[in-house]
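Q: In this text, residue positions in the sequence shown follow the UniProt record's numbering: the first is 1, and each later residue adds one. Virtual Cβ for every residue (Gly too), placed ideally from N, Cα, C. None of these values were measured; they are calculated from a predicted model.
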Amino acid sequence: MASACFTGKYQGITGIITFTEEDNGIRVNVDLTSGMTDGPYPYHVHEYSIDNTGSCESAGNHLDPTGADKVPGYKCNPEKPELCEYGDLSGKYGELPGSPSGMTGNEYIDPFITLNDPESGVIGRSIVIHEFQSHPDIPPPRIACANIVSGECVDEYRRSRLWKLPKN
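1) Please list the terminal residues of the continuous alpha helix (DSSP H) segment that includes G91.
2) Can you have a look at G15 and say buried or exposed, based on whether 16 or more other CB atoms are within 10 angstroms of its CB?
3) Give the list of continuous beta strand (DSSP E) stretches no shorter than 3 residues that lie fully inside the stretch 125-157.
4) Using the three-state DSSP reduction, which class does S120 fall into: helix, strand or coil?
5) The ligand GTP heavy atoms versus the CB of G73: any closer than 6 Å?
6) Can you tell me which of the three DSSP states L165 falls into?
7) In the DSSP output, what is S34 paired with across the bridge?
8) Give me the Cβ distance between I26 and T104, rounded to the nearest whole Å; I'm assuming they're in contact under 8 Å.
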């Protein structure tokens, strides 16, 4: 298992994305609990972890071990996910919709990514959420990011929620 926690540092976006190994691929569960009010939001696994500056720009490009984005006119087609960048989760499975409550999510199995493989593994990389951008030639701004760690991430946001649970 691997996970990425969004703590509210970036535009108030909080929640967790988990990656669980199954027989037919990696189950990706997106459970974002606040800050996702507009949308839709593209999101991707990027090639590097976020550095100590916390800048989402340090994540590098999308995870793309097959060089899919080098094909002239590349655009991920969800009907042919094998031709997409491995990290283009929203291209393969849909962008995250916004909601008045700020909550959003999705769940699916991705047969292309792995947990630990040097080329296709997600552990040690990052997830970046982008602002919606309607112009295809302009990369959408990065509005939130989180490192993908082995196991379940524990962050200040989740700890604060656990501490407030009533005691039996």
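A: In short, the structure shows the following:
1) One-based indexing of the sequence shown puts residue 91 at position 91. That run of the alpha helix (DSSP H) goes L89 to Y93.
2) Locating residue 15 in the sequence shown gives position 15, where the first residue counts as 1. G15 is buried by the Cβ-count criterion.
3) 126-130 and 142-147
4) Stepping through the sequence shown from its first residue, residue 120 is reached at position 120. Coil.
5) Here there are no bound small molecules, and the ligand GTP is not part of this structure.
6) The count along the sequence shown starts at 1 and reaches residue 165 at position 165. The predicted model places L165 with a pLDDT of 49, which falls under 50 and marks its position as unreliable; any figure quoted below should be read in that light. Three-state DSSP puts L165 in coil, outside helix and strand.
7) Numbered from 1 along the sequence shown, position 34 holds the residue referred to as residue 34. DSSP, once it has assigned bridges, lists T14 as partnering S34.
8) Your numbering for residue 26 matches position 26 in the sequence shown. Your numbering for residue 104 matches position 104 in the sequence shown. With 8 Å as the limit, I26 and T104 do not qualify as a contact, their Cβ atoms being about 20 Å apart.
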